[in-house]
Structures are given as C-alpha cells and as structure tokens.
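Structure first, then comments.
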Amino acid sequence: MRFKFVPLLLCWLFTASAFTAEPSYRQSDDRLPLRQHSQDKPLKIMVISDLNDSYGSTTYSNEVAAVINKVKVIKPDIILCGGDMVAGQKASLTEAQLTAMWEGFDLAVLKPIDSLKIPFGFTVGNHDASPSYQKDRAAASQFWNQHIEATNLTFVDRTHYPFYFSYKQNNVFFISWDASSETITPEMLDWMEGQLKSGTAKQSRLRILLGHLPLYAIVADKNKPGEVIAEADRTLDFFKENGVDIYISGHQHAYFPARKNGVVLFNSGCLGGGPRPILGHDEGPTKAYAIIDIPATSAARFEFNAFVPGTDSLINLQDLPESVLGFNGLINRIDITD
Numbered sequence: 044m045r046f047k048f049v050p051l052l053l054c055w056l057f058t059a060s061a062f063t064a065e066p067s068y069r070q071s072d073d074r075l076p077l078r079q080h081s082q083d084k085p086l087k088i089m090v091i092s093d094l095n096d097s098y099g100s101t102t103y104s105n106e107v108a109a110v111i112n113k114v115k116v117i118k119p120d121i122i123l124c125g126g127d128m129v130a131g132q133k134a135s136l137t138e139a140q141l142t143a144m145w146e147g148f149d150l151a152v153l154k155p156i157d158s159l160k161i162p163f164g165f166t167v168g169n170h171d172a173s174p175s176y177q178k179d180r181a182a183a184s185q186f187w188n189q190h191i192e193a194t195n196l197t198f199v200d201r202t203h204y205p206f207y208f209s210y211k212q213n214n215v216f217f218i219s220w221d222a223s224s225e226t227i228t229p230e231m232l233d234w235m236e237g238q239l240k241s242g243t244a245k246q247s248r249l250r251i252l253l254g255h256l257p258l259y260a261i262v263a264d265k266n267k268p269g270e271v272i273a274e275a276d277r278t279l280d281f282f283k284e285n286g287v288d289i290y291i292s293g294h295q296h297a298y299f300p301a302r303k304n305g306v307v308l309f310n311s312g313c314l315g316g317g318p319r320p321i322l323g324h325d326e327g328p329t330k331a332y333a334i335i336d337i338p339a340t341s342a343a344r345f346e347f348n349a350f351v352p353g354t355d356s357l358i359n360l361q362d363l364p365e366s367v368l369g370f371n372g373l374i375n376r377i378d379i380t381d
C-alpha cells in the first residue's frame with residue numbers, strides 16, 4: 044500500500060523543483076520590500092573594507108571613526124564592507140576575546156550605521172571567519188544572527204546567512220559570498236548560479252558581488268597563492284557567464300578599480316592597519332574608502348570616486364598605474380570614461 048504515495052511524492056518533488064531557480068523566500072515572507080526595491084532609482088553605495096587592527100583588537104583606528112562619522116553627511120543608500128571587520132585568525136584568542144571584538148565592532152561601526160537605518164551589506168574576511176578557525180566562524184555566525192535586523196537589508200535569500208546570501212536595493216541585485224579563503228566551494232557556486240539565473244537577478248539593473256579575497260594580486264605582500272581566489276581565470280569566466288557586473292573585494296589593502304573581460308574588479312582600500320603600495324607603483328600606500336553612484340537609468344554608466352579618510356582628499360585615478368601584473372594575471376585600471 045505504501046507505494047501508492049510514490050506518484051504524489053514525485054509530483055510534489057517536480058513542483059518544488061520548478062521553483063529552485065528562483066531565490067528562496069522561506070526566511071523572508073514579506074515580499075513588499077522586494078517589490079519596492081525593484082524600482083529604478085539612483086543608488087549611492089559607500090564601500091569600506093579591512094577595518095581591523097592588530098590581533099585581538101577591540102578598538103578601531105581614527106580613520107574608521109572618521110569615515111563612520113562621515114556617513115550621516117554622505118547619506119549613502121547602502122554601505123558595503125569587504126570583510127575583516129574584526130581582528131581574529133589567531134588560535135590563542137579565546138571565545139571571550141572573540142565576543143569582545145565583535146562587541147567593539149558593534150559599538151564603533153554597526154550601531155552608528157543602524158541608527159541611521161542605512162542598509163549594511165558585508166562579507167566575511169579571513170580575520171572574521173577563516174575556514175581554518177572554527178571558533179572564529181562560530182563567533183561571526185552568532186554575532187550576525189543576533190544582529191540581522193541591524194543590517195537593514197532587503198534579503199532575497201538568506202538560507203546560508205551570514206556566510207553567503209543575496210539582497211536587493213533600488214533594483215540592484217547583490218550577493219555576498221564567502222571568499223574568506225582561496226577556496227570557493229562547489230555548493231556555494233551552485234547556489235550562486237541559481238541566484239544569478241533567477242528572474243530577480245536577471246531583471247535587476249546590475250548584479251554586484253561582494254567578497255573578501257580578490258581574483259588577482261595587486262600588492263607585493265599578497266602576491267602569492269592563498270591570498271587570492273584560486274583559479275582566478277575560471278572564476279572570472281563564471282562571473283561573465285552568469286552576469287556578474289562588478290566584483291567588490293578587499294584583503295589586499297590597496298584601492299585599484301580594474302576591468303577584465305567585461306567584469307569590473309573593484310579592489311577596495313583599507314581603513315584599518317596596514318595599507319599597502321600597489322605592485323610596480325612608486326607611490327606610497329594610503330588608506331581609502333569609495334563611493335559608487337549608480338544613476339536611475341543607464342546603470343552600467345555608473346561613476347565612482349575614492350577618498351583618503353580623515354582628509355577626504357580625492358584619489359585621482361590618473362595617479363594609479365594603468366595596469367598591475369601579479370603572479371596570477373594582469374588587470375587594467377578602469378576609468379570613469381570607460
């Protein structure tokens with residue numbers, strides 16, 4: 044008798060599978076915010092990254108404070124953080140120290156942003172949640188699940204939050220993925236492909252991916268395997284094939300916006316310790332934050348600028364090298380006129 048249930052089960056499985064290409068709403072039942080964020084409106088994105096200082100630090104640099112204080116003046120529609128929000132990745136750090144670091148981040152960064160109700164998109168870095176440091180990952184997961192409302196994000200799929208998830212703002216589709224190490228898991232790639240092929244993503248004006256490690260090395264200290272995503276060229280092909288327009292990354296601690304094979308590779312500067320000079324470039328290192336302005340129409344013609352925190356002086360693109368050649372490939376600087 045039990046076999047009479049098989050046709051019904053197969054029918055249910057088929058019906059369920061028909062919806063797998065679309066994002067999962069099962070953790071976010073109210074679709075009204077998503078409909079509201081499907082409207083073409085100008086979008087001002089503030090990009091910050093690598094906020095941490097020395098291992099175990101619970102406080103932040105003057106530059107971090109200066110930029111966070113500037114938020115209420117800049118009034119971005121969304122803030123993206125390229126990872127390394129705390130100073131973990133050291134085995135001797137205790138659970139209490141990890142908790143204290145995240146509490147310090149909450150006080151210095153997240154609470155002031157949440158008080159303005161500005162959405163905060165983030166990605167975990169190697170100092171936040173390295174796959175080799177399970178205590179770090181547990182602390183990061185606990186913090187972000189406790190503070191999910193403070194992100195003010197309009198989620199599309201948060202099944203795997205806080206390590207990888209998607210969200211939407213002013214008809215721009217965002218994905219934060221776990222690039223806290225060089226290895227991108229097949230499971231995450233499968234999930235990403237489903238997200239990027241969904242109607243929600245395809246109908247969006249742009250598709251922006253946020254991750255910590257970049258594809259290509261741009262500084263001497265990180266010009267080696269393990270400091271960039273493995274198989275960069277194949278990953279770039281994946282981006283291209285699945286409609287990723289911009290990949291925003293951190294980790295290298297140097298600002299260098301580039302384009303390769305039609306994909307913008309936006310290397311963010313750091314706000315915390317250790318800014319680094321660009322490979323083959325005579326200019327010294329500088330900390331940086333950036334603003335990306337996406338117009339209501341012709342979103343691909345977005346504009347961007349980067350600034351030195353504290354002084355807010357503009358970083359001139361023409362002062363950056365035209366290209367950077369690292370151990371795993373060459374990338375060319377993008378200009379606003381491109």
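According to the numbering used here, the residues represented by the sequence shown are 44 to 381, in order.
Glycine included, every Cβ here is placed at the ideal spot set by N, Cα and C.
{"Asked": "Less than 8 Å separating the beta-carbons of F163 and M128?", "Found": "no"}
{"Asked": "Which residues in the same chain have their Cβ closer than 6 Å to the Cβ of Q185, if we skip the five residues on either side of it in sequence?", "Found": "none"}
{"Asked": "Between L94 and V107, is the Cβ-Cβ spacing less than 8 Å?", "Found": "yes"}
{"Asked": "Which residues does DSSP pair with H203 in a beta bridge?", "Found": "Y207"}
{"Asked": "Check the DSSP bridge columns for C313 and list the partner residues they point to.", "Found": "None; C313 has no bridge partner."}
{"Asked": "What number of angstroms, rounded off, separates the C-alpha of P352 from the C-alpha of I335?", "Found": "16 Å"}
{"Asked": "Could you check whether the region 241-253 touches the region 138-154, counting it as contact only if at least three pairs of C-beta atoms, one from each stretch, sit closer than 8 Å?", "Found": "no"}
{"Asked": "Hey, V271 and L256: beta-carbon distance below 8 Å or not?", "Found": "yes"}
{"Asked": "Based on Cα-Cα distance, which residue from A109, N214 and S173 lies nearest to P338?", "Found": "N214"}
{"Asked": "In the DSSP assignment, find the unbroken beta strand (DSSP E) run with P300 in it and report its ends.", "Found": "F299 to K303"}
{"Asked": "Can you name, in chain order, every residue of its own chain whose Cβ lies under 6 Å from the Cβ of A342, other than the five neighbours on each side?", "Found": "R248 and L249"}
{"Asked": "Given that a residue counts as buried once 16 or more other Cβ atoms are within 10 Å of its Cβ, and exposed if not, what is V306?", "Found": "buried"}
{"Asked": "So which of F350, Q361, K211 and Y332 has the shortest CA-CA distance to D83?", "Found": "K211"}
{"Asked": "What are the boundary residues of the beta strand (DSSP E) that S158 is part of?", "Found": "Taken as a continuous stretch (DSSP letters only), S158 belongs to no beta strand (DSSP E), being part of the alpha helix (DSSP H) at K154 to S158."}
{"Asked": "What's the C-alpha gap between S292 and S219?", "Found": "10 Å"}
{"Asked": "Consult DSSP for I161 and reduce its assignment to one of helix, strand or coil.", "Found": "coil"}
{"Asked": "Suppose you measure from the CA of S97 to the CA of H294; what does that come to, to the nearest Å?", "Found": "15 Å"}
{"Asked": "If you draw a straight line from the alpha carbon of R319 to that of G312, how long is it in whole angstroms?", "Found": "9 Å"}
{"Asked": "Enumerated in chain order, which unbroken segments of the beta strand (DSSP E) with a length of 3 residues or greater are wholly contained in the region 96-180?", "Found": "121-124 and 163-165"}
{"Asked": "Would you kindly work out how many angstroms separate the C-alpha atoms of G323 and Q79, rounded to a whole number?", "Found": "46 Å"}
{"Asked": "Per DSSP, what kind of secondary structure is A331 in: helix, strand or coil?", "Found": "coil"}
{"Asked": "By DSSP's criteria, M89 is part of a beta bridge. Which residues make up the other side?", "Found": "I122 and I334"}
{"Asked": "Considering only their Cβ atoms, is the gap separating I358 from A301 smaller than 8 Å?", "Found": "no"}
{"Asked": "Applying the criterion that 16 or more other CB atoms from any shown protein chain within 10 Å of the CB defines a buried residue, is N310 buried or exposed?", "Found": "buried"}
{"Asked": "Going by DSSP, what residues sit across from A349 in a beta bridge?", "Found": "A333"}
{"Asked": "For the beta strand (DSSP E) holding F370, just list the boundary residues, first then last.", "Found": "Neither: F370 is in no beta strand (DSSP E) and is coded neither H nor E."}
{"Asked": "Helix, strand or coil for Q295, going by three-state DSSP, please let me know.", "Found": "coil"}
{"Asked": "Excluding five sequence neighbours on each side, which residues of the same chain lie with their C-beta closer than 7 Å to the C-beta of A130?", "Found": "N95, D96, S97, Y98, G99, S100, M144 and H170"}
{"Asked": "Considering Cα atoms alone, identify which of F198, T137, G372 and L86 is closest to K267.", "Found": "G372"}
{"Asked": "Within 10 angstroms of its Cβ, does K330 collect 16 or more other Cβ (buried), or is it exposed?", "Found": "buried"}
{"Asked": "How long is the line joining the alpha carbons of E65 and L196, rounded to whole angstroms?", "Found": "Since pLDDT at E65 reaches only 42, below the 50 mark, its modelled position is unreliable, and the value read off the structure follows with that caveat. Going by the C-alpha atoms only, they are around 19 Å apart."}
{"Asked": "So, is F370 buried or exposed, given that buried needs 16 or more other C-beta atoms within 10 angstroms?", "Found": "exposed"}
{"Asked": "Does P85 pass the burial test, meaning 16 or more other C-beta atoms within 10 Å, or should it be called exposed?", "Found": "exposed"}
{"Asked": "Under a three-way DSSP split, which group does Q189 fall into?", "Found": "helix"}
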